[in-house]
Structures are given as C-alpha cells and as structure tokens.
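Before any comments, here is the structure.
Residue numbers (my numbering), protein chains in the order written: chain A, 25 to 433; chain R, 25 to 433.
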C-alpha cells in the first residue's frame with residue numbers, strides 16, 4: 025500500500041464528464057489498495073473568466089481581493105470531484121487551502137508555501153477517505169486567502185506530497201510524459217522514461233509546459249518522487265523525475281532539446297568597459313519589473329564593450345523604452361539595438377558534464393544547416409543558443425537527430 | 025454617524041456594471057459620515073449554475089460538498105465589490121463567512137447561525153474601512169463550510185446587524201418596499217411606510233418575495249431595525265419594519281393582502297374521529313419530508329370526520345402517493361381527494377386583534393363576487409381562505425378595495 029498524491033490540471037477537470045473520469049481513475053488506484061490525495065486546479069477557462077470579471081471592475085485589481093475571487097475556481101472543482109468520488113461509492117472529503125491548512129506568505133497572487141498541516145489529511149486517509157485538496161491556494165497567517173500564481177497547483181501537489189512524505193506525486197496532464205523535444209516540431213521525439221530534476225528544471229525554464237518550474241524546485245528540495253502522466257490515457261508509465269544519485273550508469277548524454285520563441289534580444293552597444301556598467305543597464309530594467317533571461321557581455325576592446333540580454337517578447341517594447349529614455353545617455357552608449365524575431369534553442373543533459381565535445385557538436389550541426397548563432401550561453405547541463413526564429417524548427421530537428429534522440433536508448 | 029448594514033441581492037450585483045452602481049451607493053452613505061458593512065449575494069444566476077453543475081456530477085449532491093461549491097458564488101461577489109469600492113478611492117475589505125467568522129450549526133445547505141465574531145469588522149470600521157461580507161454562508165465548529173439555504177443572505181445581513189448592534193439593516197432589493205399587495209395583480213397597491221414584524225412574517229410566509237422569513241424572525245428576535253429599499257432607485261425611504269410598541273395610534277386595521285398559488289389541497293374523508301388519527305395521516309407525510317401548511321379538521325359527525333390540509337403544489341403527487349399507499353387502508357379512510365388548482369388568499373393586519381368584523385367583511389366581499397370558500401384558517405393577525413385559483417386576482421382586488429388599501433392612509 026502506497027500513499028499517492030495525484031494532481032489534475034484544468035483541462036483534466038474541464039467538464040462534469042471529465043471530472044467523473046478523474047474520479048474513475050482515482051477509484052482504480054484506491055481499489056488497488058493505495059491511499060489517495062488528489063489536488064485539483066480550476067476547470068479550464070474558469071480562472072480566466074474570473075480574472076476578466078475582476079478587470080471589468082478594476083483595471084488593476086487589488087491583489088488581496090483578486091485572490092478571494094480567483095481561489096473560487098479550485099473550490100468549485102474540489103466539491104465536484106468529492107461528489108463524483110462519492111457517486112462511485114468511495115468516501116471522499118474536500119479541503120480548501122484555508123482548511124488544510126496551506127500556510128503561505130502574504131504575497132497575494134504569487135504567494136509561497138510556508139507549511140502544510142497534514143494532520144487532518146492523515147486522519148481522513150487512515151479512515152479510508154480519499155482527500156481532495158484545492159490547488160493554487162493557501163492562507164496567510166492572518167487568515168487572508170492567497171494564491172500561488174499561475175501553475176501553482178503543481179506546487180500545491182508537491183507541497184502536499186512533501187508534507188505527507190508520500191511515496192509518489194503524480195502530475196496528470198494532457199501529455200503522457202516529458203519528451204526529448206516537442207513532438208509537434210519533431211515527430212520522432214521520444215518520451216523519456218526518466219529525467220533528472222536538474223534537466224527538468226532546465227526544460228521547464230525554457231518553456232516546456234509540462235511542469236511548473238517552482239513545483240520541480242520544490243520536489244527537488246524535499247526529495248519528492250515526481251511522475252508526469254497523461255490524464256487521457258489509461259496505460260503508460262509517464263516520465264519519472266529522478267534524483268541524480270538514482271540514475272543508472274547508462275544515462276544518455278543529452279536528454280532533450282528545449283526551445284522558446286517568446287524572447288527578444290537587446291544589445292547595448294559601445295559602452296565603457298568599467299565597473300557598474302551592467303548594473304547601470306540592468307538596474308532600470310529590473311526596476312521596471314522586466315525579467316531578464318540570458319545576459320552576455322564579451323571581453324572589451326579598447327575600453328569599450330557591448331552588453332546583450334534577452335527579455336520576454338511581450339516586454340520588448342517596454343525594455344527598449346526604458347533603455348532609450350533612462351539608460352542610453354546616462355551610460356553614454358553608442359547605440360541600442362533590438363530584435364524580437366529570435367528564438368532560443370537549448371540542449372539539456374546531465375551527461376554533458378562528463379562528456380567533451382557537446383558544444384562543438386552543437387555548433388557544427390547548426391553550421392551545417394547554415395544557421396547563424398547570435399548568442400551563446402552555457403550552464404553545467406545546458407547549452408543555449410539564440411538564433412533567428414525562422415530557423416527554429418530546422419535547428420531543433422537537426423540537433424535532435426545529431427544527438428541521436430530519435431533512437432531508442 | 026450611524027453604523028449601517030446594507031444587503032444587496034443577486035439581481036443588484038448581477039453584472040460588473042451593477043456592482044459598480046452598488047459601490048457608488050455605498051460611497052454616498054460613507055460620504056455622509058456613516059460606517060458601512062455590506063452583505064452580498066451571489067451574482068444572479070450563479071447559484072443556479074453551480075447547483076446544475078453539481079447535479080451533473082451527482083444526482084443528489086452530497087450536502088457538505090454542495091456547500092463547498094455553492095458558497096463560491098458569494099465569495100466572487102465580495103471580492104469584486106471590494107475592488108469596486110477601492111476603485112472609488114474607498115478603503116474596503118472582504119470577508120468570507122469563514123473569515124468573519126459566521127459560526128453555524130452543521131446542517132449543510134440549511135445551516136443556522138449560532139454566533140458572529142464581530143471584532144475584526146469593528147476594527148476595520150474604526151479604521152474607516154467599508155467591510156464587505158459574503159452572505160448565505162458560514163462555517164461550522166469543525167471548520168466545514170456551510171450555507172444557510174436559499175435567501176440566506178438576508179439572514180446573514182440581519183445577523184451581522186444584530187452582532188454589531190447596528191443602527192439600521194437595509195435590505196436592497198428589486199422592489200422599493202413592501203406593498204399592500206402585489207402591484208402586478210392590483211395596480212392600486214400602495215407601498216407601506218411601515219409594517220410590523222408580525223405582519224411581515226405573515227406576508228413573507230405567504231409567498232411575498234421581498235424578505236426571507238428567517239431574516240424577519242431573526243430581526244424580530246434581536247430587535248434589528250430593518251428597512252426594505254430599492255437598489256435601482258436613488259430616492260425613496262422604502263418600508264421600515266417596526267416593532268409593535270413603536271407604532272403610531274392610527275395603525276391601519278389591515279396592512280395587506282397576501283396570496284399564494286403554489287399550494288394544493290388534500291382531503292382525507294371518512295376517518296374515525298378518535299385520538300391519533302391526525303398523527304396517523306400527517307406522520308407519514310412528515311416522514312416523507314413534505315411540508316404541510318394549513319391543517320383543518322371539522323368537528324366529527326357520527327364518529328366520522330374529514331381532515332384537510334395543504335402542501336406545496338410540487339409535492340402534491342408525492343403526498344397523494346403516500347396517502348394512498350401508506351395511510352388510506354391503515355386508517356380506514358373512505359376516500360382521498362385532492363385539488364391542485366387552488367390558491368390561498370390572506371388578509372394580514374395587527375389591527376385585526378382589536379377590530380371586530382374583519383372576518384365577516386372578508387367573507388361577504390368574496391360572496392358578493394360569487395367566490396366559493398373551500399377552507400378557512402385564522403391566526404391572531406391573519407385570515408386565510410383557500411379558493412379556486414381562477415378567482416385569485418378577482419379575490420385579491422375585491423379585498424384590497426373592500427379594506428380601503430387603495431386609499432392613502
């Protein structure tokens with residue numbers, strides 16, 4: 025008998041019919057003798073409906089009140105799923121974030137979980153009850169309702185799994201696992217049986233929509249065994265996210281190719297190569313609440329240098345505006361150049377650490393396809409390149425083939 | 025400066041635009057120097073949408089989980105109204121039933137309020153904040169979410185007003201007060217400036233939709249000054265619901281004519297006139313969860329009698345079925361007769377106690393219109409008659425005129 029935490033996203037609980045299907049799946053696990061805690065999101069579309077309603081009232085909705093409104097989405101789902109489970113003859117009981125209770129800080133709309141009181145859940149589980157918990161939400165120490173921000177339901181599930189020291193945390197989604205790359209771009213993409221937490225973090229941060237990055241971090245921190253599965257297929261083991269020490273010797277060098285076309289590149293040219301210049305450029309960007317992804321600065325020539333960085337494409341114009349109005353004259357840059365028709369392609373794999381030649385193979389593959397590399401950035405288990413967005417699919421396919429990801433390992 | 029509790033129903037907060045209008049009205053009262061607590065219902069249609077969703081999942085939804093789902097309707101409204109108030113520059117803060125906290129018993133879907141912790145509200149009011157409270161909901165002592173049943177938001181408002189010892193509890197609705205009768209039936213119907221609690225109770229129980237009966241009882245018990253007002257008109261004093269001792273000498277004999285066409289009449293004929301027979305008939309009806317309204321039993325003749333009673337029209341067939349299957353043979357009744365084409369018309373007025381001739385005037389008026397009276401029942405301040413439903417409008421108009429209710433008093 026295992027204690028299993030399952031999480032179902034908005035698409036999986038998008039209609040009454042789908043909620044009943046989730047109940048059937050839960051019942052199957054229960055019948056196999058396991059203890060079940062189920063964490064759910066709002067029905068798909070519901071959170072957006074509530075946000076739109078809030079914006080009709082207040083252009084920039086008050087965060088505390090927005091959380092009061094937004095948290096109702098998950099509250100509806102927990103009640104409905106508990107009913108569906110009871111309709112199958114199971115004992116079931118729902119909990120809101122406040123009832124569990126999921127204690128968070130007071131950062132409305134993007135709160136972080138501080139602790140979870142697992143005692144009421146344990147009592148229910150011992151009595152054979154399936155526990156249904158609202159994802160995405162919690163309560164601060166003053167009893168205010170908080171939400172964890174978009175995708176927060178994954179984090180809720182992992183946090184509950186950690187608090188209960190559960191045997192496995194299963195994230196049910198609309199894909200059946202983590203792939204070597206997006207199958208819509210590379211039809212030969214294969215599902216990975218396992219992927220390490222570090223690789224998953226790199227994949228997630230690069231726009232892979234399978235798992236929310238904070239949930240992966242959380243799982244890594246608390247050693248929660250995490251598995252991604254399809255909620256629409258009955259068979260399949262999905263992808264298990266492992267800790268490095270668990271890995272088998274034969275770990276592939278490269279696990280996957282991630283990509284992201286939501287970025288834009290900005291280069292500040294001809295700035296004096298002296299201390300404080302990076303802060304002079306990126307300080308105002310940060311103050312404008314613009315997140316920066318890659319940052320590259322070459323060694324200077326003749327006391328001058330260029331600094332390039334990437335931002336989300338939606339914030340490209342805002343970033344250019346900040347630079348032109350607040351930064352350019354101040355730091356005496358010769359020019360600000362931007363390009364929002366770029367993409368980032370990354371090769372990810374923990375095996376990279378111990379295998380030479382991954383970088384050169386990457387660059388050679390792209391050169392053979394005639395693709396110019398605009399920026400390069402590397403980490404211990406990742407090589408990212410920025411290229412013209414029109415070559416994205418070509419680059420991903422070529423790299424996928426070059427690293428043998430289309431071959432069963 | 026007064027402490028005022030205002031309650032807005034589902035129609036008054038049915039759209040973003042209407043919520044903004046409510047905020048404007050609240051702001052006006054605040055600007056006049058008052059302290060404001062606003063209790064709101066779910067946006068119109070929302071509760072029905074949630075109930076339908078629950079029934080899609082489970083034909084007879086689990087009451088605890090149904091309350092988890094249904095209570096989200098009001099939670100959305102409190103967040104939105106708080107935003108709308110802030111958008112007007114006011115300080116505002118929302119509270120769910122659990123946050124206030126509104127402690128109830130554990131009777132899910134029809135819980136009763138036990139107590140309200142008014143201390144957080146007082147603190148906010150002292151700081152000049154408008155407090156927005158979710159109607160219809162509370163929490164039991166184990167922290168389970170409960171709802172008060174249909175119309176429970178009125179009761180929430182009155183309970184909050186009682187806990188805060190507020191100066192006035194204003195119920196905003198889609199009519200501008202309590203009328204001598206339904207203006208759709210009698211165009212000459214007049215708005216009453218005042219009506220007593222007892223009269224209001226009789227009116228409410230007879231299907232007058234203005235105020236929920238439990239709210240009126242609650243207000244009477246805790247001496248809450250209650251006023252019914254229109255949320256769609258800016259002027260008007262509505263109707264104040266008074267305690268008898270406050271009344272002026274010139275109180276009219278009759279305050280209004282109520283009517284109800286949702287009833288059905290059932291007569292059990294030829295039953296032995298002996299102890300236990302009423303229980304033998306109405307016991308099984310009660311066990312089948314059928315509410316009985318009027319009950320009439322005449323003096324018996326030759327040791328035999330007939331017993332008549334009325335039930336809600338929706339439960340007519342169920343009641344007939346119970347009687348025919350479980351009761352008839354058992355008590356040796358000669359026949360069970362029913363009629364679901366009846367209506368009840370009632371003359372209500374505290375003045376009735378001290379004025380003779382009200383009953384005879386009622387019966388004479390109906391006789392002059394050729395309307396046969398099928399059943400009669402009286403209380404201290406009410407005379408009710410059951411007649412063929414086709415005469416309902418005729419009876420109401422005739423009585424309204426006969427008692428001079430169309431004349432300004």
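Just so it is clear, CB atoms sit at the ideal spot from N, CA and C, and this is done for glycine as well.
- When Cβ pairs closer than 8 angstroms are counted between the two stretches, the segment 80-93 of chain A is seen to touch the segment 100-111 of chain R, the count reaching three or more.
- Below 8 angstroms, too few C-beta pairs join the segment 318-330 of chain R and the segment 376-390 of chain R to call them touching: fewer than three.
- Using a CB distance below 8 angstroms, no part of the segment 135-148 of chain R faces chain A.
- Contact of residue 104/R with chain A by beta-carbon distance below 7 angstroms involves 77, 78, 81, 93.
- In this structure, DSSP gives residue 130/R a state outside helix and strand, which the three-state scheme calls coil.
- For residue 146/A, the enclosing alpha helix (DSSP H) has its first and last residue at 143-150.
- Considering only beta carbons, no part of the segment 213-242 of chain A lies closer than 9 angstroms to chain R.
- Residue pairing for residue 192/R: DSSP places it in a beta bridge opposite 28/R.
- As the crow flies, the alpha-carbon of residue 103/R is around 11 angstroms from that of residue 155/R.
- Assigned with DSSP and collapsed to three states, residue 103/A falls in helix.
- Nearest CB-CB separation between residue 100/A and chain R: below the 9 angstroms threshold.
- Across the segment 343-376 of chain A, no CB contact with chain R closer than 7 angstroms is found for any residue.
- Scanning the segment 347-382 of chain R from its first residue to its last, the whole alpha helix (DSSP H) runs of 4-plus residues come out as 352-355.
- DSSP lists no bridge partner for residue 93/A.
- Rounded to the nearest angstrom, the gap between the Cα atoms of residue 234/R and residue 205/R is 11 angstroms.
- For the pair residue 219/R and residue 265/R, the CB atoms are nearer than the 9 angstroms cut-off.
- Excluding sequence positions up to five before and after residue 33/R, its CB lies within less than 6 angstroms of the CB of 65, 197, all in the same chain and listed in chain order.
- Restricted to the segment 231-297 of chain R, the alpha helix (DSSP H) segments that are unbroken, complete and at least 4 residues in length are 237-245, listed in chain order.
- For residue 164/R, the closest Cβ of chain A is not nearer than 9 angstroms.
- Interface residue (Cβ-Cβ distance to chain R less than 9 angstroms): residue 118/A is classified as such.
- Neighbours of residue 386/R in chain A, taken as residues whose beta carbon is under 9 angstroms from its own, are absent, since the nearest beta carbon is some 49 angstroms off.
- Legend: CB atoms of the segment 39-55 of chain R lying less than 9 angstroms from CB atoms of chain A belong to residues 39, 40, 41, 43, 44, 47.
- DSSP places residue 183/R in the uninterrupted alpha helix (DSSP H) bounded by 176-187.
- Residue burial is scored here from C-beta neighbours: residue 431/A has fewer than 16 other C-beta atoms within 10 angstroms and is therefore classed as exposed.
- Residue 181/R counts as buried, since at least 16 other C-beta atoms from the protein chains shown sit within 10 angstroms of its C-beta.
- Across the structure, residue 391/A and residue 282/A are spaced so that their CA atoms are roughly 19 angstroms apart.
- Residue 118/R holds the alpha-carbon nearest to the alpha-carbon of residue 87/A among 118/R, 71/R, 67/R.
- Distance check between residue 415/R and each of 401/R, 425/R, 397/R, 408/R places 397/R closest, using alpha-carbon atoms only.
- For residue 72/A, same chain residues with a beta-carbon under 8 angstroms away, outside a window of 5 residues either side, do not exist.
- A residue is called buried once 16 or more other Cβ atoms fall within 10 Å of its Cβ, and residue 304/A is buried on that count.
- The C-beta distance from residue 31/R to residue 258/R rounds to 18 angstroms, too long to meet the 8 angstroms contact threshold.
- For residue 193/A, the closest C-alpha among the options 262/A, 399/A, 92/A is that of 262/A.
- Short of 6 angstroms from the beta carbon of residue 370/A, and not among the five residues preceding or following it, lie these beta carbons of its own chain, in chain order: 230, 282, 406, 408.
- In the three-state reduction of the DSSP assignment, residue 336/R falls in the strand class.
- Assigned with DSSP and collapsed to three states, residue 140/A falls in strand.
- Straight through space, the alpha carbons of residue 188/R and residue 145/R are spaced by roughly 9 angstroms.
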